[in-house]
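Position 41, counted from 1, in the sequence shown is what numbering that gives the first Met the number 0 calls 40; the numbers after and before it change by one each time, with no gaps.
Structure, as structure tokens:
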Amino acid sequence: MTPTARRIGRSLALVLPVVLVLSGTLAVSAVPWAGKDSGTQLTASSSKVSVRAKSRAPQDILRDQLLAELQEKDPGVALTHLQREVENRPSLAKHCMSIARSLGRAAVEQYGPSRAQAFSRPVCDTSYATGVMRAS
């Protein structure tokens with residue numbers, strides 16, 4: 000291979016990736032992302048950047064479902080479903096106590112301390128009762 004061909008090859012190896020990146024960036028910034036009607040385009044300097052929603056952990060989803068169930072039905076039903084979920088998915092066992100305490104606190108808010116304590120069950124080492132006691 001001649002020295003001239005090597006020099007041209009090295010120059011292309013340095014310049015070509017830069018050209019490809021710049022042309023790709025310009026092409027993406029000119030695409031109308033918002034649709035035909037709005038007339039807005041996404042540019043590289045756009046200050047309105049959408050943020051991707053964080054995925055929620057399974058224990059947080061379960062906690063929210065059980066709290067909603069506590070509001071709709073009663074704490075006993077929510078505690079039974081908590082125990083079933085922990086049995087079905089052992090990975091939730093380490094979160095069982097905090098979920099049960101949350102249910103206890105929510106039960107006190109809705110039913111008062113004495114009535115909430117009546118729903119107590121030995122789920123997750125009586126953490127529900129601890130939540131009731133601390134919320135009282």
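The beta carbon of each residue, even a glycine, is placed where N, CA and C say it ideally should be.
No experiment lies behind these values; they were computed from the predicted model shown.
For the alpha helix (DSSP H) containing residue i, list its first residue and its last residue.
| i | result |
| --- | --- |
| methionine 132 | 126-134 |
| threonine 111 | What sits at residue 111 in the sequence shown is glycine, not threonine. Looking at the DSSP string, glycine 111 is not in any alpha helix (DSSP H), and its letter there is neither H nor E. |
| valine 85 | 74-87 |
| alanine 67 | 57-71 |
Residue i and residue j look like a contact to me (Cβ under 8 Å); what is the Cβ gap, rounded to whole Å?
| i | j | result |
| --- | --- | --- |
| serine 135 | valine 107 | 6 Å |
| threonine 79 | arginine 100 | That pair is no contact at about 17 Å. |
| leucine 81 | isoleucine 98 | 6 Å |
Mind checking residue i: buried by the 16 CB within 10 Å criterion, or exposed?
| i | result |
| --- | --- |
| proline 74 | buried |
| isoleucine 7 | exposed |
| arginine 62 | buried |
| leucine 69 | buried |
| leucine 65 | buried |
| alanine 77 | buried |
In its own chain, which residues sit with a C-beta less than 7 Å from the C-beta of residue i, not counting the 5 before and 5 after it?
| i | result |
| --- | --- |
| alanine 67 | none |
| tyrosine 110 | none |
| methionine 96 | Cys123, Asp124 and Ser126 |
Only counting the same chain, and skipping five residues up and downstream in sequence, which positions put a Cβ closer than 8 Å to that of residue i?
| i | result |
| --- | --- |
| valine 131 | Gly103, Arg104, Ala106, Val107, Pro112, Ala115, Gln116 and Ser119 |
| arginine 133 | Arg100, Gly103 and Arg104 |
Near residue i, which residues of its chain fall below 6 Å by C-beta distance, leaving aside the five closest residues on each side in sequence?
| i | result |
| --- | --- |
| alanine 92 | Val85 |
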